[in-house]
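Participant: Residue numbers (mature numbering (1 follows the signal peptide of the UniProt record, and there is no 0)): -20 to -1, 1 to 324.
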Amino acid sequence: MNPTALMIMLLSLAIGTTMALVSHHWLLAWIGLEINTLAIIPLMTKTPHPRAIEAATKYFLTQASASALILFSATMNAWKTGEWSITLLSDPYTITLSMALMMKLGLAPLHFWLPEVIQGIPLSTGLILSTWQKIAPMTLLLQISHLTDLNLLITMGLASILVGGWGGINQTQLRKIMAFSSIGHLGWMVLILKFNPQLTLFNFLLYITMTAAMFFSLMSISSTKISEISSSWPKSPILVTTMMLVLLSLAGLPPLTGFSPKLLIILELVKQNTLLLASVTMLASLLALFFYLRLTYVMILTLPPHIPPSSTHWRMTKNSPLAATLATLALLIFPLSPTFLLIM
(Lines of atoms letter the chains of each structure in order from A and count residues from 1; the text may use other names and numbers.)
(Lines give C-alpha, C1' and ligand atoms only; values in the text may rest on other atoms or scores of the structure.)
Protein backbone atom coordinates (compact mmCIF):
# COMPACT_ATOMS: atom_id res chain seq x y z
CA MET A 1 0.00 0.00 0.00
CA ASN A 2 1.11 3.56 -0.74
CA PRO A 3 2.78 4.96 2.44
CA THR A 4 0.76 8.19 2.19
CA ALA A 5 -2.52 6.26 1.94
CA LEU A 6 -1.44 4.01 4.82
CA MET A 7 -0.65 7.06 6.97
CA ILE A 8 -4.05 8.61 6.17
CA MET A 9 -5.86 5.39 7.13
CA LEU A 10 -3.95 5.00 10.40
CA LEU A 11 -4.53 8.67 11.22
CA SER A 12 -8.25 8.21 10.52
CA LEU A 13 -8.30 5.21 12.87
CA ALA A 14 -6.70 7.34 15.58
CA ILE A 15 -9.11 10.24 15.00
CA GLY A 16 -12.18 7.96 15.00
CA THR A 17 -11.20 6.27 18.27
CA THR A 18 -10.30 9.61 19.89
CA MET A 19 -13.68 11.09 18.88
CA ALA A 20 -15.51 8.15 20.44
CA LEU A 21 -13.39 8.38 23.60
CA VAL A 22 -13.83 12.10 24.30
CA SER A 23 -17.46 12.58 23.25
CA HIS A 24 -20.36 12.88 25.69
CA HIS A 25 -22.81 13.02 22.78
CA TRP A 26 -24.19 9.89 21.09
CA LEU A 27 -24.03 11.44 17.61
CA LEU A 28 -20.33 12.31 17.93
CA ALA A 29 -19.58 8.86 19.35
CA TRP A 30 -21.42 7.29 16.40
CA ILE A 31 -19.39 9.40 13.94
CA GLY A 32 -16.17 8.23 15.64
CA LEU A 33 -17.25 4.59 15.30
CA GLU A 34 -18.10 5.11 11.62
CA ILE A 35 -14.72 6.72 10.88
CA ASN A 36 -13.08 3.72 12.56
CA THR A 37 -15.04 1.26 10.43
CA LEU A 38 -14.38 3.03 7.14
CA ALA A 39 -10.67 3.58 7.86
CA ILE A 40 -9.82 -0.10 8.42
CA ILE A 41 -11.55 -1.46 5.28
CA PRO A 42 -8.77 -0.31 2.86
CA LEU A 43 -6.23 -1.90 5.23
CA MET A 44 -8.14 -5.19 4.98
CA THR A 45 -8.11 -5.14 1.19
CA LYS A 46 -4.49 -4.01 0.69
CA THR A 47 -3.78 -7.52 -0.63
CA PRO A 48 -6.39 -7.92 -3.42
CA HIS A 49 -7.35 -11.50 -2.62
CA PRO A 50 -10.95 -12.79 -2.87
CA ARG A 51 -10.83 -13.88 0.78
CA ALA A 52 -9.73 -10.39 1.85
CA ILE A 53 -12.54 -8.80 -0.17
CA GLU A 54 -15.02 -11.21 1.40
CA ALA A 55 -13.71 -10.44 4.89
CA ALA A 56 -13.96 -6.68 4.31
CA THR A 57 -17.54 -7.08 2.99
CA LYS A 58 -18.60 -9.14 6.03
CA TYR A 59 -16.97 -6.66 8.36
CA PHE A 60 -18.64 -3.68 6.70
CA LEU A 61 -22.11 -5.27 6.75
CA THR A 62 -21.97 -6.27 10.43
CA GLN A 63 -20.47 -2.98 11.57
CA ALA A 64 -22.98 -1.01 9.49
CA SER A 65 -25.84 -2.99 11.06
CA ALA A 66 -24.52 -2.32 14.56
CA SER A 67 -23.98 1.38 13.75
CA ALA A 68 -27.53 1.67 12.39
CA LEU A 69 -28.88 0.14 15.62
CA ILE A 70 -26.79 2.57 17.69
CA LEU A 71 -28.01 5.56 15.71
CA PHE A 72 -31.64 4.42 15.85
CA SER A 73 -31.50 3.75 19.60
CA ALA A 74 -29.73 7.03 20.36
CA THR A 75 -32.21 8.99 18.23
CA MET A 76 -35.24 7.38 19.86
CA ASN A 77 -33.70 7.92 23.30
CA ALA A 78 -33.09 11.61 22.49
CA TRP A 79 -36.68 11.90 21.27
CA LYS A 80 -37.95 10.42 24.53
CA THR A 81 -35.63 12.15 27.02
CA GLY A 82 -34.64 15.31 25.12
CA GLU A 83 -30.94 14.54 25.76
CA TRP A 84 -28.13 13.15 23.58
CA SER A 85 -25.91 12.47 26.60
CA ILE A 86 -24.27 9.04 26.62
CA THR A 87 -24.92 8.48 30.32
CA LEU A 88 -28.64 9.41 30.15
CA LEU A 89 -30.52 6.44 28.69
CA SER A 90 -34.12 5.34 29.10
CA ASP A 91 -34.94 1.72 29.72
CA PRO A 92 -35.72 -0.03 26.40
CA TYR A 93 -32.88 1.66 24.50
CA THR A 94 -30.19 0.64 27.00
CA ILE A 95 -30.54 -2.99 25.91
CA THR A 96 -30.46 -2.23 22.17
CA LEU A 97 -27.41 0.02 22.55
CA SER A 98 -25.63 -2.60 24.66
CA MET A 99 -26.39 -5.29 22.06
CA ALA A 100 -25.13 -3.06 19.23
CA LEU A 101 -21.86 -2.32 21.04
CA MET A 102 -21.41 -6.03 21.84
CA MET A 103 -21.98 -6.81 18.17
CA LYS A 104 -19.18 -4.39 17.29
CA LEU A 105 -16.93 -6.11 19.83
CA GLY A 106 -17.80 -9.60 18.55
CA LEU A 107 -19.40 -11.11 21.65
CA ALA A 108 -21.39 -14.34 21.39
CA PRO A 109 -23.99 -14.93 20.03
CA LEU A 110 -23.18 -11.94 17.76
CA HIS A 111 -19.67 -13.25 17.10
CA PHE A 112 -20.01 -15.12 13.79
CA TRP A 113 -18.35 -12.41 11.74
CA LEU A 114 -15.17 -12.14 13.82
CA PRO A 115 -13.35 -15.47 13.09
CA GLU A 116 -14.17 -15.28 9.37
CA VAL A 117 -13.01 -11.67 9.06
CA ILE A 118 -9.73 -12.18 10.96
CA GLN A 119 -9.01 -15.33 8.94
CA GLY A 120 -9.29 -13.43 5.64
CA ILE A 121 -7.05 -10.45 6.43
CA PRO A 122 -3.26 -10.04 6.95
CA LEU A 123 -1.76 -10.45 10.43
CA SER A 124 -1.01 -6.71 10.70
CA THR A 125 -4.65 -5.79 10.05
CA GLY A 126 -5.77 -8.62 12.33
CA LEU A 127 -3.70 -6.99 15.08
CA ILE A 128 -5.51 -3.67 14.59
CA LEU A 129 -8.92 -5.39 14.47
CA SER A 130 -8.26 -7.41 17.64
CA THR A 131 -6.88 -4.53 19.70
CA TRP A 132 -7.38 -0.95 18.48
CA GLN A 133 -10.85 -1.48 17.00
CA LYS A 134 -12.13 -2.77 20.36
CA ILE A 135 -11.20 0.41 22.26
CA ALA A 136 -14.07 2.69 21.17
CA PRO A 137 -16.98 0.20 21.67
CA MET A 138 -15.55 -1.00 24.99
CA THR A 139 -15.19 2.58 26.25
CA LEU A 140 -18.82 3.36 25.36
CA LEU A 141 -19.91 0.13 27.05
CA LEU A 142 -17.97 1.12 30.18
CA GLN A 143 -19.69 4.52 30.21
CA ILE A 144 -23.17 2.96 30.21
CA SER A 145 -22.20 0.01 32.46
CA HIS A 146 -24.30 1.29 35.38
CA LEU A 147 -27.41 1.27 33.16
CA THR A 148 -26.96 -2.10 31.45
CA ASP A 149 -29.05 -5.17 32.19
CA LEU A 150 -27.20 -7.60 34.48
CA ASN A 151 -28.88 -10.72 33.09
CA LEU A 152 -27.96 -9.72 29.54
CA LEU A 153 -24.30 -9.17 30.48
CA ILE A 154 -24.04 -12.48 32.37
CA THR A 155 -25.71 -14.42 29.55
CA MET A 156 -23.53 -12.94 26.81
CA GLY A 157 -20.39 -13.18 28.95
CA LEU A 158 -20.88 -16.88 29.70
CA ALA A 159 -21.86 -17.60 26.09
CA SER A 160 -18.70 -15.84 24.87
CA ILE A 161 -16.44 -17.80 27.24
CA LEU A 162 -18.02 -21.07 26.09
CA VAL A 163 -17.91 -20.16 22.40
CA GLY A 164 -14.32 -18.91 22.72
CA GLY A 165 -13.34 -22.27 24.23
CA TRP A 166 -15.35 -24.61 21.99
CA GLY A 167 -14.61 -22.72 18.79
CA GLY A 168 -10.84 -22.69 19.23
CA ILE A 169 -10.41 -26.37 20.08
CA ASN A 170 -10.56 -27.82 16.57
CA GLN A 171 -8.85 -24.97 14.67
CA THR A 172 -5.59 -25.26 12.75
CA GLN A 173 -5.48 -21.61 11.61
CA LEU A 174 -3.73 -19.32 14.08
CA ARG A 175 -5.79 -16.26 13.14
CA LYS A 176 -9.04 -18.08 13.91
CA ILE A 177 -7.59 -19.30 17.19
CA MET A 178 -6.74 -15.69 18.10
CA ALA A 179 -10.27 -14.64 17.11
CA PHE A 180 -11.87 -17.21 19.43
CA SER A 181 -9.36 -16.22 22.12
CA SER A 182 -10.55 -12.63 21.71
CA ILE A 183 -14.21 -13.71 22.07
CA GLY A 184 -13.38 -15.62 25.27
CA HIS A 185 -11.47 -12.73 26.84
CA LEU A 186 -14.22 -10.25 26.00
CA GLY A 187 -16.65 -12.63 27.70
CA TRP A 188 -14.65 -12.34 30.95
CA MET A 189 -14.73 -8.55 30.68
CA VAL A 190 -18.48 -8.31 30.06
CA LEU A 191 -19.21 -10.78 32.86
CA ILE A 192 -17.74 -8.43 35.47
CA LEU A 193 -18.76 -5.16 33.78
CA LYS A 194 -21.78 -4.45 36.00
CA PHE A 195 -20.10 -5.52 39.24
CA ASN A 196 -16.75 -3.74 38.80
CA PRO A 197 -16.11 -1.59 35.69
CA GLN A 198 -12.54 -0.78 36.84
CA LEU A 199 -11.73 -4.49 36.74
CA THR A 200 -13.14 -4.69 33.22
CA LEU A 201 -10.86 -1.84 32.15
CA PHE A 202 -7.85 -3.51 33.79
CA ASN A 203 -8.66 -6.80 32.03
CA PHE A 204 -9.09 -4.97 28.72
CA LEU A 205 -5.68 -3.26 28.95
CA LEU A 206 -3.97 -6.57 29.72
CA TYR A 207 -5.88 -8.28 26.90
CA ILE A 208 -4.62 -5.66 24.41
CA THR A 209 -1.04 -6.11 25.66
CA MET A 210 -1.08 -9.92 25.44
CA THR A 211 -2.89 -10.07 22.08
CA ALA A 212 -0.58 -7.47 20.54
CA ALA A 213 2.48 -9.40 21.80
CA MET A 214 1.13 -12.60 20.22
CA PHE A 215 0.34 -10.97 16.87
CA PHE A 216 3.77 -9.28 16.72
CA SER A 217 5.41 -12.66 17.39
CA LEU A 218 3.39 -14.32 14.62
CA MET A 219 4.28 -11.47 12.26
CA SER A 220 7.98 -11.94 13.08
CA ILE A 221 7.95 -15.59 11.99
CA SER A 222 5.26 -15.07 9.29
CA SER A 223 3.13 -17.97 10.53
CA THR A 224 -0.61 -18.37 10.04
CA LYS A 225 -1.01 -22.13 10.57
CA ILE A 226 -0.15 -24.52 13.41
CA SER A 227 1.96 -26.58 11.00
CA GLU A 228 4.14 -23.52 10.34
CA ILE A 229 4.85 -22.70 13.98
CA SER A 230 5.71 -26.36 14.63
CA SER A 231 8.82 -25.92 12.46
CA SER A 232 9.77 -22.45 13.71
CA TRP A 233 12.00 -23.54 16.61
CA PRO A 234 15.20 -23.80 14.48
CA LYS A 235 14.54 -20.31 13.10
CA SER A 236 14.35 -18.47 16.41
CA PRO A 237 14.35 -20.48 19.65
CA ILE A 238 14.11 -17.44 21.93
CA LEU A 239 11.13 -15.96 20.05
CA VAL A 240 9.28 -19.30 20.04
CA THR A 241 9.90 -19.73 23.77
CA THR A 242 8.50 -16.24 24.35
CA MET A 243 5.47 -17.07 22.17
CA MET A 244 4.84 -20.18 24.27
CA LEU A 245 4.90 -18.11 27.47
CA VAL A 246 2.59 -15.46 25.95
CA LEU A 247 0.13 -18.23 25.02
CA LEU A 248 0.23 -19.55 28.58
CA SER A 249 -0.34 -15.97 29.78
CA LEU A 250 -3.39 -15.71 27.49
CA ALA A 251 -4.58 -18.99 29.02
CA GLY A 252 -4.36 -17.39 32.46
CA LEU A 253 -1.75 -19.60 34.10
CA PRO A 254 0.15 -18.28 37.13
CA PRO A 255 2.54 -16.53 37.65
CA LEU A 256 2.12 -14.83 34.26
CA THR A 257 0.25 -11.59 33.52
CA GLY A 258 -2.93 -13.28 32.26
CA PHE A 259 -3.56 -14.92 35.63
CA SER A 260 -4.12 -11.54 37.29
CA PRO A 261 -7.48 -10.51 35.69
CA LYS A 262 -8.93 -14.02 35.96
CA LEU A 263 -8.04 -14.27 39.64
CA LEU A 264 -9.48 -10.82 40.40
CA ILE A 265 -12.67 -11.50 38.43
CA ILE A 266 -13.29 -14.80 40.24
CA LEU A 267 -12.65 -13.10 43.60
CA GLU A 268 -15.11 -10.33 42.67
CA LEU A 269 -17.77 -12.87 41.66
CA VAL A 270 -17.29 -14.71 44.96
CA LYS A 271 -17.51 -11.38 46.82
CA GLN A 272 -20.82 -10.68 45.04
CA ASN A 273 -22.10 -14.06 46.34
CA THR A 274 -22.43 -15.56 42.84
CA LEU A 275 -20.60 -18.81 43.57
CA LEU A 276 -22.41 -20.79 40.89
CA LEU A 277 -21.49 -18.22 38.24
CA ALA A 278 -17.85 -18.24 39.36
CA SER A 279 -17.74 -22.05 39.23
CA VAL A 280 -19.29 -22.25 35.74
CA THR A 281 -16.90 -19.55 34.49
CA MET A 282 -13.84 -21.41 35.78
CA LEU A 283 -15.02 -24.68 34.25
CA ALA A 284 -15.75 -23.00 30.92
CA SER A 285 -12.27 -21.45 30.84
CA LEU A 286 -10.75 -24.97 30.84
CA LEU A 287 -11.90 -25.31 27.23
CA ALA A 288 -9.74 -22.39 26.17
CA LEU A 289 -6.87 -23.70 28.30
CA PHE A 290 -6.91 -26.92 26.24
CA PHE A 291 -6.20 -25.27 22.89
CA TYR A 292 -3.60 -22.90 24.35
CA LEU A 293 -1.75 -25.91 25.79
CA ARG A 294 -2.11 -27.70 22.46
CA LEU A 295 -0.40 -24.80 20.71
CA THR A 296 2.45 -24.72 23.24
CA TYR A 297 2.87 -28.48 22.87
CA VAL A 298 3.15 -28.18 19.08
CA MET A 299 5.64 -25.31 19.32
CA ILE A 300 7.98 -26.57 22.03
CA LEU A 301 7.51 -30.28 22.72
CA THR A 302 7.54 -31.54 19.13
CA LEU A 303 10.46 -31.30 16.74
CA PRO A 304 10.06 -30.88 12.97
CA PRO A 305 11.22 -33.90 10.94
CA HIS A 306 13.85 -31.99 8.92
CA ILE A 307 16.10 -29.77 11.02
CA PRO A 308 18.69 -28.04 8.85
CA PRO A 309 22.28 -28.93 9.77
CA SER A 310 23.30 -25.26 9.85
CA SER A 311 20.96 -23.07 11.88
CA THR A 312 22.74 -19.80 11.01
CA HIS A 313 20.85 -19.43 7.74
CA TRP A 314 17.52 -19.72 9.51
CA ARG A 315 18.11 -17.20 12.27
CA MET A 316 15.66 -14.33 12.38
CA THR A 317 17.05 -10.95 11.39
CA LYS A 318 14.04 -8.75 12.22
CA ASN A 319 13.97 -7.73 15.88
CA SER A 320 11.21 -5.37 16.93
CA PRO A 321 11.77 -3.45 20.19
CA LEU A 322 8.00 -2.93 20.46
CA ALA A 323 7.35 -6.67 20.22
CA ALA A 324 9.99 -7.33 22.90
CA THR A 325 8.44 -4.70 25.20
CA LEU A 326 4.90 -6.05 24.73
CA ALA A 327 6.08 -9.62 25.32
CA THR A 328 7.79 -8.55 28.55
CA LEU A 329 4.62 -6.79 29.73
CA ALA A 330 2.50 -9.79 28.69
CA LEU A 331 4.57 -12.02 30.97
CA LEU A 332 5.68 -10.02 34.00
CA ILE A 333 2.91 -7.60 35.08
CA PHE A 334 1.29 -9.98 37.60
CA PRO A 335 3.28 -8.77 40.66
CA LEU A 336 2.35 -5.16 39.80
CA SER A 337 -1.41 -5.81 39.55
CA PRO A 338 -2.31 -4.21 42.95
CA THR A 339 -0.43 -1.05 41.95
CA PHE A 340 -2.33 -0.78 38.66
CA LEU A 341 -5.65 -1.32 40.42
CA LEU A 342 -4.83 1.41 42.93
CA ILE A 343 -3.98 3.83 40.09
CA MET A 344 -7.23 3.04 38.29
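Every residue gets a Cβ at the ideal spot worked out from N, C-alpha and C, and that includes glycine.
Exposed or buried, which one is Ser65 when buried takes at least 16 other CB atoms within 10 Å?
Facilitator: Result: exposed.
Participant: Take Leu103 as the anchor and find which of Lys215, Thr(-3), Pro177, Phe196 has the nearest alpha-carbon.
Facilitator: Closest option to Leu103, Cα to Cα, is Phe196.
Participant: Just tell me which of Ala44, Leu23, Met(-14) has its CA closest to the CA of Leu13.
Facilitator: Of the listed residues, the one whose Cα sits closest to Leu13 is Ala44.
Participant: Identify which residue in Leu321, Ser110, Ser(-9), Ala193 has its Cα closest to the Cα of Thr222.
Facilitator: When each option's Cα is compared against that of Thr222, the closest is Ala193.
Participant: Enumerate in chain order the residues of its own chain whose CB-to-CB distance from Ile323 is below 6 Å, with the five nearest sequence positions on each side excluded.
Facilitator: Around Ile323: no qualifying Cβ.
Participant: Indicate, with yes or no, if the ligand ZN has a heavy atom lying under 7 Å from the CB of Thr308.
Facilitator: The ligand ZN is absent from the structure shown, which contains no ligand whatsoever.
Participant: Which complete alpha helix (DSSP H) runs does the stretch 83 to 165 hold, if anything under 4 residues is left out?
Facilitator: Segments of the alpha helix (DSSP H) lying fully in the stretch 83 to 165: 93 to 100, 103 to 110, 112 to 123, 130 to 149.
Participant: Can you grab the Cα-Cα spacing for the pair Ala35 / Ile98, in whole Å?
Facilitator: Going by the C-alpha atoms only, they are around 7 Å apart.
Participant: Whose C-alpha, out of Asn150, Leu77, Ala46, Thr261, is nearest the C-alpha of Asn57?
Facilitator: That would be Leu77, whose Cα lies nearest to the Cα of Asn57.
Participant: Can you tell me whether Gly100 is buried or exposed, with buried defined as 16 or more other CB within 10 angstroms of its CB?
Facilitator: So Gly100 ends up on the buried side.
Participant: Using DSSP's beta-bridge definition, name the partner residues of His5.
Facilitator: Note: His5 sits in a beta bridge opposite Ser65.
Participant: What number of angstroms, rounded off, separates the C-alpha of Ile313 from the C-alpha of Pro28?
Facilitator: Going by the C-alpha atoms only, they are around 40 Å apart.
Participant: Just grab the DSSP bridge partners of Lys205 for me.
Facilitator: Answer is Gln153.
Participant: Can you confirm whether the stretch 129 to 138 touches the stretch 167 to 186 when touching is taken to mean that 3 or more C-beta pairs between the two stretches lie within less than 8 Å?
Facilitator: Judged by Cβ distances under 8 Å, the stretch 167 to 186 makes contact with the stretch 129 to 138, as three or more pairs qualify.
Participant: Using a Cβ cut-off of 8 Å (strictly closer), state whether Ile280 contacts chain C.
Facilitator: In the structure shown, chain C does not exist; there is a single protein chain.
Participant: Throw me the rounded Cβ distance for the Ile134 and Trp168 pair, which I believe falls under 8 Å.
Facilitator: Going by Cβ atoms, the distance from Ile134 to Trp168 rounds to 12 Å, so no, they are not a contact pair.
Participant: What are the start and end residues of each continuous alpha helix (DSSP H) run of 4 or more residues lying completely inside the stretch 245 to 286, in chain order?
Facilitator: Qualifying alpha helix (DSSP H) stretches, in chain order: 255 to 280.
Participant: Please report the straight-line C-alpha distance between Leu(-15) and Leu120, rounded to a whole angstrom.
Facilitator: Their backbone Cα atoms lie some 27 Å apart in a straight line.
Participant: What do you get for Ala80, buried or exposed, if any count of 16 or more other CB atoms within 10 angstroms of its CB means buried?
Facilitator: Answer is buried; the Cβ neighbour count reaches 16.
Participant: Helix, strand or coil for Ile313, going by three-state DSSP, please let me know.
Facilitator: It is coil, neither helix nor strand.
Participant: Can you look up Met(-20) in the DSSP assignment and give me helix, strand or coil?
Facilitator: Three-state DSSP puts Met(-20) in coil, outside helix and strand.
Participant: Considering only residues of the same chain and omitting the five flanking positions on each side of Lys156, which have a CB-CB separation below 6 Å?
Facilitator: Pro95, Gln99, listed in sequence order.
Participant: With DSSP as the reference, label Pro241 as helix, strand or coil.
Facilitator: Three-state DSSP puts Pro241 in a helix.
Participant: Applying the 10 Å Cβ sphere with the 16-neighbour rule, what's the burial state of Thr276?
Facilitator: With 16 or more Cβ atoms within 10 Å of its Cβ, Thr276 is classed as buried.
Participant: Determine the burial state of Pro241: buried for a count of at least 16 other Cβ atoms within 10 Å of its Cβ, exposed for fewer.
Facilitator: Pro241 comes out buried.
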